[in-house]
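Data first, discussion second: the structure below is written as structure tokens.
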Amino acid sequence: MSNLKFKTNMSNISIVKATLIIFLIQFKSFSQDIEPRRWTSMPLGTNVIGVGYAHTFGDIEFDPVLQAENATVVVNSLALQYVRPFKIGTKIARIDALIPYSSARWEGLLNGVPTTVKRNGFADPRLRFSINFIGPKAMNPKEMQEYLKENPTYTTVGASLAITFPLGQYYSDKLLNLGYNCFVFRPQVGMVHKWGKWSYELTGSVFFYTNNNDFYNNTTKKQEPLFAMQTHLVRTFKHRIWTSLGLGYGLGGHSIVNRQPNNDERGNFVGGVSAGMPIFKKHSIKLAYGTTLTLKDVGANTNGFILGWSAMF
1490 MSNLKFKTNM
1500 SNISIVKATL
1510 IIFLIQFKSF
1520 SQDIEPRRWT
1530 SMPLGTNVIG
1540 VGYAHTFGDI
1550 EFDPVLQAEN
1560 ATVVVNSLAL
1570 QYVRPFKIGT
1580 KIARIDALIP
1590 YSSARWEGLL
1600 NGVPTTVKRN
1610 GFADPRLRFS
1620 INFIGPKAMN
1630 PKEMQEYLKE
1640 NPTYTTVGAS
1650 LAITFPLGQY
1660 YSDKLLNLGY
1670 NCFVFRPQVG
1680 MVHKWGKWSY
1690 ELTGSVFFYT
1700 NNNDFYNNTT
1710 KKQEPLFAMQ
1720 THLVRTFKHR
1730 IWTSLGLGYG
1740 LGGHSIVNRQ
1750 PNNDERGNFV
1760 GGVSAGMPIF
1770 KKHSIKLAYG
1780 TTLTLKDVGA
1790 NTNGFILGWS
1800 AMF
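In terms of my numbering, the sequence shown opens at residue 1490 and continues consecutively.
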């Protein structure tokens, strides 16, 4: 099959629309995901390291002007994550870092010609700072265990700021990339209410993008903020086993290329189920399934499976 090529007489705006659809299906399972137990307090003096594998696949709906049909994508990704809690005054805070590596394959018909594109490399890494303003204070493991035993019902409220760095694989002469070539700033505010073996979580996020001054075809791309909301219902069982059901929605994020606005606002529904369990005293595994559904005429409909392992030390 041939490499992905567009007709030379295709307008820059059409090319931009194609690329923005690709942004919808680039692997995001570790950054813009359905993330249960996001605001769970961690005891001081602990470190968590984790490795996750995700298999994502789906269909892409392009603008008809692009003459791209039957487009599909398959992405296999690995991510390494590190989390460390610390205290600020009496508040519990944490810092976490994420480094993803992806292998992606896009297939479809372009002007009726079968076309395949492959990319292998690092995606953009992320660094995130979080702090809980309401809820359990900064405690050591023994104090945390006693607090949870004495307080079966409590509410936690927190905030965070995640920064995604433009260090992933990016080619300015390619339409399909693993990296975004721009910084992404993501403030979050969230809460979790726990009662007995149940907990309910609600998180709101806004994604702010810096300009990509080295966009395709020597253009500059500006992207408006993307607003997202996600909610989870979590149930815990004996032996620290847990399950969750999550839903999310994202809206906004339309682009402007060389001061020309594009009608490419996103409207995405996200759903997922997760389960986790310990396999040793300080080791645990997580299984998850997630699906995305575009509510616009263009976008991507994907499914994904995640297997994760983490260790506390």
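All C-beta atoms, glycine included, are put in the ideal place defined by N, C-alpha and C.
Following the DSSP letters along the chain, one finds leucine 1667 in no alpha helix (DSSP H), marked with neither H nor E. Taken through DSSP and simplified to helix, strand or coil, leucine 1656 comes out as coil. Secondary structure at methionine 1801: strand, using DSSP grouped into helix, strand and coil.
As the crow flies, the alpha-carbon of leucine 1650 is around 14 Å from that of valine 1572. For tyrosine 1698, the secondary structure class from DSSP, reduced to helix, strand or coil, is strand. About 45 Å separates the beta carbon of tryptophan 1595 from that of leucine 1533, a gap too long to meet the 8 Å contact definition.
The alpha-carbon separation between tryptophan 1684 and tyrosine 1636 amounts to approximately 14 Å. Contact between the region 1627-1635 and the region 1654-1670 is not established, with fewer than three Cβ pairs separated by less than 8 Å.
Bridge pairing for proline 1589: Ala1568 [DSSP]. Its Cα nearest to that of asparagine 1700, the residue Ser1744 stands out among Ala1593, Ser1744, Asn1792 and Lys1607.
In the three-state scheme derived from DSSP, where H, G and I count as helix and E and B as strand, proline 1630 is classed as helix. In terms of Cα proximity to valine 1787, the closest of Lys1775, Asn1752 and Met1766 is Asn1752. If you look at glycine 1685, you'll find it isn't in any beta strand (DSSP E); DSSP assigns it neither H nor E. Close CB contacts of serine 1694 within its chain, under the 6 Å cut and outside five residues either way in sequence, are with Arg1675, Gln1677 and Ala1717 (chain order). The beta carbons of glycine 1739 and tryptophan 1528 sit no closer together than 8 Å.
With contacts defined as CB atoms closer than 8 Å, alanine 1627 and lysine 1580 qualify as a contacting pair. Within the DSSP secondary-structure output, valine 1759 pairs in a beta bridge with Gly1737 and Thr1781.
Taken through DSSP and simplified to helix, strand or coil, arginine 1748 comes out as coil. Between phenylalanine 1794 and the set Ile1577, Gly1541 and Val1537, the nearest pair of CA atoms involves Gly1541. Between the region 1617-1626 and the region 1640-1656, the count of C-beta pairs closer than 8 Å reaches three or more; the two stretches touch. Out of Gly1657, Asn1792 and Ser1799, the CA that lies nearest to the CA of tyrosine 1590 is found in Gly1657. For arginine 1526, the secondary structure class from DSSP, reduced to helix, strand or coil, is coil. Proline 1574 sits buried, since 16 or more C-beta atoms from the chains shown fall within 10 Å of its C-beta. The C-beta distance from glycine 1539 to glutamine 1570 rounds to 5 Å, short enough to meet the 8 Å contact threshold.
Between leucine 1691 and alanine 1593, the C-beta gap is not smaller than 8 Å, which leaves the two residues out of contact.
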